[in-house]
Amino acid sequence: MIYQLSIILTEKCNLNCAYCYCDKSKSNSISSEKAIESIDQFILQQPEESAIFNILFIGGEPFMEFSLMKEIVNHTLQTYPHRKVNFKAVTNGTLIHGEVQQWLIENQKHFSVELSLDGEAESQNKERCNTYNKIDIDFFSKGLKQAIVNKVISPENIHTLANDIIALEQQGFYVKAVIADGVEWSKEKDIDTFSLQLKALIDHYLTHPKQVPFNLLSNALYCLTNSPNTLTKCQAGSSSYSIDTNGDKLPCHRCSDYYNNGDWKIPQEQISLLATDALSSKCKECLVFPICSSCPASIASKLNNTEQCEAYCLMMKSLFHANAYFIVQMLLNCPDHIYFENRPKDQIAASYAGAKKIFAQLDSTQPF
Ligand code: SF4
Ligand code: SF4
Ligand code: SF4
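Here is the structure:
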């Protein structure tokens, strides 16, 4: 069993990104005592030897508290040398130079980083404070065993989605993209743009069969058939939880005062995230519900905004049609694609069946 703990190490950040909804008036950091106490509880409550503990440091910018992070990691490794503990930090990358790089290289057996990077210099600089040249991109793409970037898709950068992802992949990164919350998506123009950009990416992957497709074109369509495959959606508050800078335990970091801020707050009645699994009553009847909207915090933050729920739903339908089209095109024209490598034959067959169901049953205005 895998257990996840995310720790908001600090609310301090050296940037002020355009789509960031964190409360910039806050600047607390967790104390080392509270962080260590939280980790002790997290590990000791699961006595089974096979348990895997993933501890994620987030901010703000967690490397604003590099000394504290090192202290927590050292304490944990020394106290629990026989437990399976992995650490990860999500970073804007601007503080990862010199001794920090050296430490990351020396500790990569148990510590990994994911870089937040939106794409080419223009996309990165527009919404992430002109930081492209402040990040040692080669270090992240070539200096560590894992080269993963987190890219935020926003209304400002959606029209360059394909170019940005291709550029990141050419630098050697695997791209994990998320659709921004807390921004205004337009049903009129952004959905069409999204589809066109996905189509451009599909064309690219079909002509570059050695390139692993980014996460949003790797949806688990095989879960849409009667096969035994199911996707476990996030169960915030049970196998995963978060600790804020006061040391308080929350279902997810997005339930903290620091994150739950601005126009798109999680309504108080949803803050436990326990009953939050669908954007609307239609979802439960929808073919793709088993693989759609897997983030309860994201769903909860939209529930009071019907227009944005509708826009998001259209984006999801467009995305699933794109995935269905992609699977069929790969099977027809590119059966040796790396996407299929190491996948069981029955899973590939189930993906094809899932794609056919999407074409037959999921309404969409998009051209796939
Ligand atoms: S780096 Fe992260 S925490 Fe800092 S402003 Fe940007 S999105 Fe917000
Ligand atoms: S596509 Fe729309 S209706 Fe279907 S599960 Fe997703 S959000 Fe709900
Ligand atoms: S609710 Fe969303 S943001 Fe929170 S842990 Fe789950 S998937 Fe992540």
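Under the numbering used here, the sequence shown has 325 at position 265, and the numbering climbs by one with no breaks.
Every residue, glycine too, gets a C-beta built ideally from N, C-alpha and C.
Query raised in the report: Can you find a heavy atom of ligand 1 that lies under 8 angstroms from the Cβ of residue 203?
Result: What you label residue 203 is simply residue 143 of the sequence shown in a count that begins at 1. Every heavy atom of ligand 1 is 8 angstroms or more from the Cβ of residue 203, so no.
Requested in this report: Using beta-carbon positions only, say whether residue 301 and residue 68 come within less than 9 angstroms of one another.
Outcome: As a first step, residue 301 must be located in the sequence shown, where it is residue number 241. As a first step, residue 68 must be located in the sequence shown, where it is residue number 8. Not a contact, by the Cβ cut-off of 9 angstroms.
Report task. Give a yes or no on whether 9 angstroms exceeds the smallest Cβ distance from residue 163 to chain B. Result -> No chain B appears in the structure shown, which is made up of a single protein chain.
Query raised in the report: Does the beta-carbon distance from residue 208 to residue 235 come in below 9 angstroms?
Result: Translated into the one-based positions of the sequence shown, residue 208 becomes position 148. Translated into the one-based positions of the sequence shown, residue 235 becomes position 175. Cβ atoms of residue 208 and residue 235: closer than 9 angstroms.
Query - Local conformation of residue 265 per DSSP, three classes - result: For the purposes of this step, residue 265 is taken as the residue at position 205 of the sequence shown. In the structure shown, residue 265 adopts helical secondary structure according to DSSP, grouped into three states.
Query raised in the report: Okay, do the stretch 216-223 and the stretch 339-348 touch, 3+ Cβ pairs below 8 angstroms being the bar?
Result: No, because fewer than three Cβ pairs between the stretch 216-223 and the stretch 339-348 fall closer than 8 angstroms, the two stretches do not touch.
Report task. May I ask you to verify whether the stretch 276-291 touches the stretch 389-397, counting CB pairs closer than 8 angstroms and requiring at least 3? Result -> no
Query raised in the report: Which residue's Cα is closest to the Cα of residue 276: 259, 364, 268?
Result: The residue you call residue 276 lines up with position 216 of the sequence shown. Comparing Cα positions, the closest option is 259.
Query raised in the report: Three-state secondary structure (DSSP) at residue 90?
Result: Position 30 of the sequence shown holds residue 90. Coil at residue 90, not helix or strand.
Query raised in the report: According to the neighbour-count rule (16 or more other Cβ atoms, all chains shown, within 10 Å of its Cβ), is residue 109 buried or exposed?
Result: Your numbering for residue 109 matches position 49 in the sequence shown. So residue 109 counts as exposed.
Query raised in the report: Does the count of Cβ pairs from the stretch 378-385 and the stretch 247-264 closer than 8 angstroms reach three?
Result: yes
Requested in this report: Compute the distance between the beta-carbons of residue 420 and residue 281, then report whether it is under 9 angstroms.
Outcome: Position 360 of the sequence shown, counting from 1, holds the residue named residue 420. Position 221 of the sequence shown, counting from 1, holds the residue named residue 281. Not closer than 9 angstroms, so no.
Query raised in the report: What separation, rounded to the nearest whole angstrom, lies between the Cα atoms of residue 330 and residue 336?
Result: Numbered from its first residue, the sequence shown carries residue 330 at position 270. Numbered from its first residue, the sequence shown carries residue 336 at position 276. So the two alpha carbons sit approximately 7 angstroms from each other.
Query raised in the report: Can residue 75 be considered in contact with ligand 1, in the sense that its beta carbon sits closer than 8 angstroms to one or more heavy atoms?
Result: As a working mapping, residue 75 is identified with position 15 in the sequence shown. The answer is yes for residue 75.
Query raised in the report: Quick one: what's got a C-beta closer than 7 angstroms to residue 373's C-beta in the same chain, skipping five residues either side?
Result: As a position in the sequence shown, residue 373 is number 313, starting the count at 1. Excluding positions up to five away in sequence, the list reads 339.
Query raised in the report: Under 9 angstroms, do residue 125 and residue 73 count as touching if we go by C-beta distance?
Result: What you label residue 125 is simply residue 65 of the sequence shown in a count that begins at 1. What you label residue 73 is simply residue 13 of the sequence shown in a count that begins at 1. No; because the gap between Cβ atoms is not below 9 angstroms, this pair is not in contact.
Report task. Under the assumption that residue 202 contacts residue 232 (Cβ atoms under 8 angstroms), give the Cβ distance between them as a whole number of angstroms. Result -> To locate residue 202, count along the sequence shown from 1; it is residue 142. To locate residue 232, count along the sequence shown from 1; it is residue 172. Indeed, because the Cβ distance is near 6 angstroms, the residues count as touching under 8 angstroms.
Query raised in the report: According to DSSP, is residue 410 helix, strand or coil?
Result: Counted from its first residue, the sequence shown places residue 410 at position 350. Residue state, collapsed to three classes: helix.
Requested in this report: Mind checking which residues open and close the beta strand (DSSP E) that includes residue 210?
Outcome: As a position in the sequence shown, residue 210 is number 150, starting the count at 1. Note, residue 210: beta strand (DSSP E), 208-213.
Query raised in the report: Do you know whose CA, among 94, 154, 204, lies nearest residue 170's CA?
Result: Indexing the sequence shown from 1 puts residue 170 at position 110. If we check each option's Cα against that of residue 170, 204 comes out closest.
Query raised in the report: ligand 3 heavy atoms versus the CB of residue 57: any closer than 8 angstroms?
Result: There is simply no residue 57 to check, as the chain begins at 61 and stops at 428 in what is shown.
Query - Pocket of ligand 4 defined by Cβ to heavy atom distance under 6 angstroms - result: Ligand 4 is absent from the structure shown, which contains only ligand 1, ligand 2 and ligand 3.
Requested in this report: Sort out for me which residues DSSP pairs residue 68 with in a bridge.
Outcome: To locate residue 68, count along the sequence shown from 1; it is residue 8. Note: residue 68 sits in a beta bridge opposite 118.
Query raised in the report: In angstroms, rounded to a whole number, what distance separates the CA positions of residue 279 and residue 379?
Result: The sequence position of residue 279 within the sequence shown is 219, counting from 1. The sequence position of residue 379 within the sequence shown is 319, counting from 1. Rounded to the nearest angstrom, the two C-alpha atoms are 9 angstroms apart.
Query raised in the report: How should residue 334 be labelled, buried or exposed, when 16 other C-beta atoms within 10 angstroms of its C-beta is the threshold for buried?
Result: The residue you call residue 334 lines up with position 274 of the sequence shown. Flag for residue 334 reads exposed.
Query raised in the report: From this set, 164, 153, 90, 157, which residue's C-alpha is nearest residue 147's C-alpha?
Result: Translated into the one-based positions of the sequence shown, residue 147 becomes position 87. With respect to the C-alpha of residue 147, the residue from 164, 153, 90, 157 having the closest C-alpha is 164.
Query raised in the report: Buried or exposed: where does residue 211 fall if 16 or more other Cβ atoms within 10 Å of its Cβ makes it buried?
Result: In the sequence shown, the residue the question calls residue 211 occupies position 151. Counting Cβ neighbours within 10 Å, residue 211 comes out buried, since at least 16 surround it.
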